[in-house]
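Sequential numbering of the sequence shown, starting at 620, is according to the working numbering.
Built from N, CA and C at the ideal position, the CB exists for glycine as well.
All of these numbers come straight from a predicted model, not from anything done at the bench.
See below for the structure under consideration.
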Amino acid sequence: EIEGKGNPAFREHVWIRIDEHPPEHWQLGSLRPTKEMIELITASK
């Protein structure tokens, strides 16, 4: 909406790149969770 200045046709030209990485490479702000922390978080849900 910002780059296209409200022009709906602009959406046809937008690409989004998502890079997926293993959980060991994740980062939450300045916190880099360990494998054990990730297991705790995912087990609690």
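Practice task
In angstroms with no decimal places, state the Cα-to-Cα distance between D638 and G623.
Solution key: Inter-residue distance for D638 and G623 is about 24 Å (C-alpha atoms, whole angstroms).
Practice task
Give the straight-line distance between the Cα atoms of P627 and L659, rounded to the nearest whole angstrom.
Solution key: Approximately 43 Å, taken between the alpha carbons.
Handout entry: Between the CA atoms of A662 and S649 - distance to the nearest angstrom
Key = Rounded to whole angstroms, S649 to A662 spans 23 Å at the Cα level.
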